[in-house]
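Accompanying notes for the structure given below.
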Amino acid sequence: MMEDKQFLEFFRQMIREEIGAKNDDTKIISVAKVAEKLDISVVHLTKNIMHTPGFPKAVRLTVKGDLRFYEHEINEYILGLRKEA
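Residue numbers (UniProt numbering): 1 to 85.
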């Protein structure tokens, strides 16, 4: 049983390295959470900010599912805003 857990963790680490993520950076968050992180309204985010060049692309987990974002991409975007200021 322990070997299965070790293999699973090894496999997860390989995936993280493959996509350039660290630990839990692959967390997917909602549009509302992104708006909260940016301290703006969901309406402003969806009508204005999401369409600006350089803003992370949204993903859908299913064909008709809600838009989601990779949290690490949003964090990197926010850090980029700090550098511009």
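Cβ atoms here follow ideal geometry from the backbone N, Cα and C, with glycine treated the same way.
- Look at the stretch 34–73 and you find these whole runs of beta strand (DSSP E), each 3 residues long or longer: 67–70.
- When the beta-carbon positions are compared, Ser41 and Arg68 stay at least 8 Å from each other.
- Burial state of Leu61 is exposed, judged by a 10 Å Cβ sphere holding fewer than 16 other Cβ atoms.
- Proximity of the stretch 31–38 to the stretch 63–83 meets the contact definition, three or more beta-carbon pairs being nearer than 8 Å.
- Tyr77 sits close to Pro56, with the two beta carbons spaced by under 8 Å.
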